[in-house]
Amino acid sequence: MSRETLDSPVATDLKAVLETPIDSRPKLMVLNMGPQHPSTHGVLRILLELDGEHVVTAVPDIGFLHTGIEKQCESKTYQQIVTLTDRVDYLANMSNNLAYVLAVEKLLQLEIPPRAQWMRVMLVELTRLNSHLVWLGTHALDIGAMTMFLYCMREREDLLRLFEMFSGQRMMTSYLRVGGLAMDAPRGWEKAVGKFMETFPSRVDEYEDLLKQNPIWVNRTKDVGFLDVTEMIELGITGPMLRAAGIATDARKDAPYSSYELFDFNVPTATENDVYARYRVRIEEMRESIKIINQARAGMPGGAYQADAPKVVLPQREKMKTQMEALIYHFKIVTEGFRVPEGEVYQVIESPRGELGYYVVSDGTSKPLRVHMRTPSFGNLQALGRMVEGKLISDVIAILGSMDFVLGDVDR
Amino acid sequence: MITEVAAAHPLVIALRQESSSWLQGAKEEFGELTIEISADRVAHVCRYLKEEKHFERISTVTAVDLYPAEPRFQVVYHLHSISRNMRIRVKAAVGGESPTIETVTGVWPGAGWYEREAYDLFGITFRNHPDLRRIMMPDDWEGHPLRRDYPVHGHRYDYMERGGEQS
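If you read the protein sequences in the order shown, they are chains A and B.
All residue numbers for the first sequence refer to this note's numbering, where the first residue is 964 and numbers rise by one.
All residue numbers for the second sequence refer to this note's numbering, where the first residue is 4 and numbers rise by one.
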């Protein structure tokens, strides 16, 4: 099936519908999709105006999960905010941790030791795998491939166990801190990560075998969800969706952070710009993440895992009990937090969903004046209306899945 | 005020040549260029930056509340040029009883939701916005939560006074 044969009858229908005045339009139906619909992946409500099976307009209604995180940041000290960033995108916690701590470290002009940087890279890539697994499982489940969900959750469980091993928490890790890591990597992490990496590459091949030539999957995803690439850019779409439209933009390459410049990996792209291309790009991204994790494991530097900055980083327990100065710093950091020099910073990283930016403004006190999160899901979801206009209602489900948004990330 | 470092930046030089009347300041910190412009020329400057300087996309529109200073709000735009791999920040100050600024949705439609968010949480009106409604808070919400004079715990409870009662 070519794009023309699929789209042209719909497009003319839509044009005719839009040209007639609303009062005399033929039998348009308003359908409320969500906020409690399993395939909206959270509490998202979409108002669909339907002409038969075709969508005329789609208006997303968000805010059901708004928790005022940006407001809360203004009343917390810089180190306390790390725990809030976990809760923004609950499928990519470490990515949010990383963007935030990098922004604050830039304001403080801290030098982060290589071990902490490499560990961060490894954990953020594991987070990418975690997020992509949930995306693949739920996306396939929406379109009817239930087995995928079970397989993906099986691997995700292993990843969550790894996160628990590192941080003590499966999801809300808060493992990355301003100045380095919360604690050094646990004993035996090489073996645990190694065991996961032994089996995982073959599992990705397995997923592909299940979906790549599955006729139902291919029919539901090929030539669906096309949008002109200039329009995508202007609407603010980033990440794998933009890369599936042929734009090779990736913050890890364009503006490397946390020593990503030392790693050898590719930025997968596709040109078809449909749901199937987005699926292929994300699968390839998993393979690239595997490459990065393996490089990080092989070359993990030793040494300190926290910066040498006594005014910012909590002292070691041992030092605290033997040195007066360390005790004073500990008291000051815990009671009033560390002060951050005046300034503003916009730190961008490549989260599994696209451009994740933290805009942090400091007025020189121990609490930020403003923390703004530019979350990829919010930017991507904005294009939903344009992307589903004139398409079939069943395509809405496929397109929603291909956008890979997290409602916590949208509403904050 | 234009700092010495920023004055040497090619983009600032170009902007000064274009018209220096609306360019109120520029600085470069941590490798990030910030341009301050007067609020009434925002749409014009953004169109110029997009069409002449290849800033194809807008990352985010947000605001900073400098209460009790006046003008109290800074509307902040983060622009991104994919082709030139460059990012800049554009700031414009607005204040008064009902802070108002021109929308940039005509330049980048993607600014739409971000401006709705700033309208909802800061109470800044974006003139000529096609669909300026609340986006995060319920439609009948009173007040704008991200303003500095809005308490973190809201107006409904007062935790600071003993036995704070629900009003």
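All residues carry an ideal CB built from backbone N, CA and C; glycine is no exception.
| Check | Outcome |
| --- | --- |
| Check distances from the C-beta atoms of the segment 16–39 of chain B to those of chain A and list, in chain order, the residues that come in under 8 Å. | 32, 33, 35, 37 |
| Indicate whether at least one CB of chain A lies closer than 8 Å to the CB of residue 7 of chain B. | no |
| Under a CB-based cut-off of 8 Å, is residue 1332 of chain A close to chain B? | yes |
| For residue 1108 of chain A and residue 1039 of chain A, I'd like the C-alpha separation in whole angstroms. | 44 Å |
| I'd like the span of the beta strand (DSSP E) that includes residue 1334 of chain A, first residue to last. | 1333–1337 |
| Measure the beta-carbon distance from residue 1310 of chain A to residue 1066 of chain A and round it to whole angstroms, keeping in mind my assumption that it falls under 8 Å. | 4 Å |
| Just checking, does the segment 1258–1271 of chain A make contact with the segment 1095–1113 of chain A on the three C-beta pairs under 8 Å criterion? | no |
| With distances taken Cα to Cα, identify the nearest neighbour of residue 1181 of chain A among A:1268, A:1221, A:1237. | A:1237 |
| What residues match up with residue 1023 of chain A in a beta bridge as DSSP calls it? | A:1009 |
| Contact check, residue 1021 of chain A vs residue 1347 of chain A under 8 Å by CB: the rounded distance? | 6 Å |
| According to the Cβ coordinates, are residue 1061 of chain A and residue 1256 of chain A closer than 8 Å? | no |
| Applying the 10 Å Cβ sphere with the 16-neighbour rule, what's the burial state of residue 168 of chain B? | In this predicted model, residue 168 of chain B has a pLDDT of only 47, less than 50, meaning its place in the structure is not dependable enough to derive any value. |
| Since residue 1201 of chain A contacts residue 1317 of chain A with CB under 8 Å, what's their CB separation in whole angstroms? | 3 Å |
| Applying a beta-carbon distance threshold of less than 7 Å, which residues of chain B neighbour residue 1223 of chain A? | In chain order: nothing, as chain B lies at least about 15 Å away. |
| Could you check the C-alpha separation between residue 1045 of chain A and residue 1056 of chain A for me, to the nearest Å? | 10 Å |
| With 8 Å as the threshold, decide whether the Cβ of residue 144 of chain B is near any Cβ in chain A. | no |
| Relative to the alpha-carbon of residue 1179 of chain A, which residue among A:1034, A:998, A:1118, A:1357 has its alpha-carbon at the smallest distance? | A:1357 |
| Confirm, please, whether the CB-CB distance from residue 1300 of chain A to residue 1042 of chain A is below 8 Å. | yes |
| Looking at chain A, is there any beta carbon in it that lies within less than 8 Å of the beta carbon of residue 63 of chain B? | yes |
| Between the segment 1186–1206 of chain A and chain B, which residues of the former have a C-beta closer than 7 Å to a C-beta of the latter? | 1196, 1197, 1198, 1199 |
| Along chain A, which residues have their Cβ under 7 Å away from the Cβ of residue 113 of chain B? | 1197, 1198, 1199, 1342, 1345 |
| Do we get a CB-CB distance below 8 Å when we pair residue 1374 of chain A with the residues of chain B? | yes |
| Rounded to a whole number of angstroms, what is the C-alpha to C-alpha distance between residue 1249 of chain A and residue 1085 of chain A? | 13 Å |
| Since residue 58 of chain B and residue 84 of chain B should fall inside the 8 Å C-beta cutoff, what is the C-beta to C-beta distance between them, to a whole number of angstroms? | 5 Å |
| Who are the near neighbours of residue 1293 of chain A in its chain, counting only those whose CB is closer than 7 Å to its CB and skipping five residues on each side? | 1277, 1278, 1283 |
| Sort out for me which residues DSSP pairs residue 36 of chain B with in a bridge. | B:31, B:91 |
| Since residue 98 of chain B and residue 118 of chain B should fall inside the 8 Å C-beta cutoff, what is the C-beta to C-beta distance between them, to a whole number of angstroms? | Contact flag wrong, Cβ pair sits at about 18 Å. |
| Return the chain-ordered list of same chain residues with a C-beta closer than 6 Å to the C-beta of residue 29 of chain B, the five sequence neighbours on each side being excluded. | 5, 9, 15, 38 |
| Can the beta-carbon of residue 138 of chain B be found less than 8 Å from the beta-carbon of residue 107 of chain B? | no |
| Please classify residue 1153 of chain A as buried or exposed, where buried requires at least 16 other C-beta atoms within 10 Å of its C-beta. | exposed |
| With DSSP as the reference, identify every bridge partner of residue 1143 of chain A, one or two as the case may be. | A:1140, A:1269 |
| Between residue 14 of chain B and chain A, is any beta-carbon pair separated by less than 8 Å? | no |
| Confirm, please, whether the CB-CB distance from residue 1156 of chain A to residue 1125 of chain A is below 8 Å. | yes |
| Where does residue 1205 of chain A land, buried or exposed, given buried means 16+ other C-beta within 10 angstroms? | buried |
| Looking only at its own chain, which residues have a Cβ that is under 6 Å from the Cβ of residue 25 of chain B, when we skip the five neighbours before and after it? | 40, 41, 44 |
| Quick check on the DSSP output: the alpha helix (DSSP H) that includes residue 1042 of chain A runs from which residue to which? | 1041–1049 |
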